[in-house]
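J.: Sharing a structure with you now.
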Amino acid sequence: MNALSVNDVVLTTAILLVIGVGMVSSLLLVPGKREAARDTFQAMLSMLIVAGTILMMFWGGALTLVPFLLILAFRTGYEATHVRLGAPAAVKVGVGAAVAAAMAMLSPILTIGLAGLWLLIFSRRVFVPNPSTGRLHALAEVALFPVIPMAILAFSALNPDLRPLVLIIYVLVELFDSCAYAVGKFLGRTPAFPVLSPRKTVEGLIGGALCLMVVVAGVTFWANLPVWPAILLTAAACGFGVAGDLGGSRLKRAGGVKDFPAVLKKQGGALDIFDSWIAAGAAISLLITLQNLL
1 MNALSVNDVV LTTAILLVIG VGMVSSLLLV PGKREAARDT FQAMLSMLIV
51 AGTILMMFWG GALTLVPFLL ILAFRTGYEA THVRLGAPAA VKVGVGAAVA
101 AAMAMLSPIL TIGLAGLWLL IFSRRVFVPN PSTGRLHALA EVALFPVIPM
151 AILAFSALNP DLRPLVLIIY VLVELFDSCA YAVGKFLGRT PAFPVLSPRK
201 TVEGLIGGAL CLMVVVAGVT FWANLPVWPA ILLTAAACGF GVAGDLGGSR
251 LKRAGGVKDF PAVLKKQGGA LDIFDSWIAA GAAISLLITL QNLL
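Residue numbers (the numbering used here): 1 to 294.
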């Protein structure tokens, strides 16, 4: 799928969004499900606003992407720190996150170094049974997610070879989220993550992933592109996207809040909106970058 250009992805996304709106709209015709369908449709409209903004940023190239990514890095760093350490520290970390993103855009070596730092922090979280709960620990958590992944995402989005892939991943995680939400709304019974994300259901996640894979397979077949690589990319985007969503939920739970500081009424904060994309985009593009280097 990375053989597609940004323009190809924008056009394909428009088609998928039309299909998605049509599918959700058709649920309004199901007796007894109209109220749930209306809620789903309203949530999807908010998603369409965000998706339209992202498509325009990528369509404009580096001229629009650079300021957008720097603002997003600042905002996500600010929000994550705000719920963990309060407003004064949030501004400083937000600025630091924007600086890290700017440096990553300029230096592939620094991006690899940031990935190594992320691995060290993650390893400590896994192998140290009782980590501290002080200020340094909170800053390390924020660096783990979203600051370092956001910097890696910024590097990837500015790389002409990776840019279409980063946009594809955004489309995949957003469609997966919408599909999982819709399926869970109607069929969800079993909580998938009762502590971190109680509204997510096993049925919603599995059903959403399967629905998305069917759509992706159909689109890639229609476009005469390899189907199985597209399916594997979709599965990876779904998996890493869920990990990013849980990372955001963990920060909110640690800070004792329901949402990050809001930027959009129906969507919440920037980290509520982009957590899945940040994780999936950073992880997949980094893996491909490392594969190309080896």
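The beta-carbon is built from N, C-alpha and C at its ideal position, and this holds for glycine as well.
Predicted model, so just to flag it, every value in this text is computed and none were measured.
Thinking C-beta only, is threonine 190 closer than 8 Å to glutamate 174?
T.: No, the Cβ-Cβ distance between glutamate 174 and threonine 190 is not below 8 Å.
J.: So, is alanine 262 buried or exposed, given that buried needs 16 or more other C-beta atoms within 10 angstroms?
T.: Flag for alanine 262 reads exposed.
J.: Check phenylalanine 193 in the structure and name its three-state DSSP category.
T.: Correct three-state label for phenylalanine 193: strand.
J.: Which residues in the same chain have their Cβ closer than 6 Å to the Cβ of valine 216, if we skip the five residues on either side of it in sequence?
T.: Excluding residues within five positions, the ones whose Cβ falls inside 6 Å are Ala230 and Thr234.
J.: With distance defined between alpha-carbon atoms, name the residue in Ile152, Leu158, Leu17 and Val50 nearest to leucine 63.
T.: Measuring from the Cα of leucine 63, the nearest candidate turns out to be Leu158.
J.: Under 7 Å Cβ to Cβ from glutamate 79, same chain only, skipping five residues before and after it: list those, please.
T.: Correct list, in chain order: Phe260, Pro261, Gly269, Ala270 and Leu271.
J.: Return the bridge partner residues of threonine 201 from the DSSP annotation.
T.: The partner list for threonine 201 (beta bridge, DSSP) reads Pro191.
J.: Check each candidate in Leu70, Ile54, Leu114 and Ala254 and name the one with the smallest Cα separation from alanine 143.
T.: The shortest Cα separation from alanine 143 among Leu70, Ile54, Leu114 and Ala254 belongs to Leu114.
J.: At the level of alpha carbons, what is the spacing between phenylalanine 240 and glycine 247?
T.: In a straight line, the C-alpha of phenylalanine 240 is about 10 Å away from that of glycine 247.
J.: Taking C-alpha atoms, which residue in Leu85, Leu120, Asp245 and Thr13 lies nearest to glycine 256?
T.: If we check each option's Cα against that of glycine 256, Leu85 comes out closest.
J.: Only counting runs of 4 or more residues, tell me where the alpha helix (DSSP H) segments fall wholly within the segment 93 to 149, in order along the chain.
T.: You should have 108 to 127 and 135 to 142.
J.: By alpha-carbon positions, which one of Val83, Gly281, Val99 and Ala154 ends up nearest to arginine 369?
T.: Given a span of 1 to 294 for the chain in the structure shown, any question on residue 369 remains unanswerable.
J.: Would you call the CB atoms of proline 146 and threonine 76 closer than 8 Å?
T.: For proline 146 and threonine 76, yes; Cβs fall inside 8 Å.
J.: Under the three-state reduction of DSSP, which class applies to alanine 223: helix, strand or coil?
T.: Reduced to three states, the DSSP call for alanine 223 is coil.
J.: Do you know offhand how far leucine 119's Cα is from alanine 279's?
T.: Roughly 14 Å separates the two Cα atoms.
J.: In whole angstroms, what is the alpha-carbon distance linking glycine 244 and tryptophan 222?
T.: Those two C-alpha atoms are separated by around 31 Å.
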